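Peer 1: One structure follows; several queries about it will come next.
In my numbering, the protein residues as written are 65 to 107.
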């Protein structure tokens with residue numbers, strides 16, 4: 065998404081949502097992948 069350009073029509077809106085996760089200590093790649101799989105909403 066961030067490497068593509070988008071053209072919006074005058075009546076269109078662009079909605080972006082972000083999630084910030086604060087973890088205790090360093091997370092392994094597996095922990096991150098498991099978190100994303102459990103919490104990511106499909107588009």
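In this text, a Cβ means the ideal position worked out from N, Cα and C, and glycines have one as well.
Here the structure is a predicted model, which means the values were calculated and not measured.
Out of 92, 91, 93, 85, which one is the CA nearest neighbour of residue 103?
Peer 2: On the chain shown, residue 103 is found 39 positions in, with the first residue counted as 1. Nearest option by C-alpha distance: 85.
Peer 1: Thinking C-beta only, is residue 80 closer than 9 angstroms to residue 72?
Peer 2: As a working note, residue 72 is residue 8 in the chain shown. As a working note, residue 80 is residue 16 in the chain shown. No, the pair does not count as a contact, with Cβ atoms beyond the cut-off.
Peer 1: From this set, 83, 69, 66, which residue's C-alpha is nearest residue 100's C-alpha?
Peer 2: Walking along the chain shown from the start, residue 100 turns up at place 36. If we check each option's Cα against that of residue 100, 83 comes out closest.
Peer 1: Roughly how many whole angstroms lie between the Cα atoms of residue 98 and residue 67?
Peer 2: Walking along the chain shown from the start, residue 98 turns up at place 34. Walking along the chain shown from the start, residue 67 turns up at place 3. The straight-line gap from Cα to Cα measures roughly 26 angstroms.
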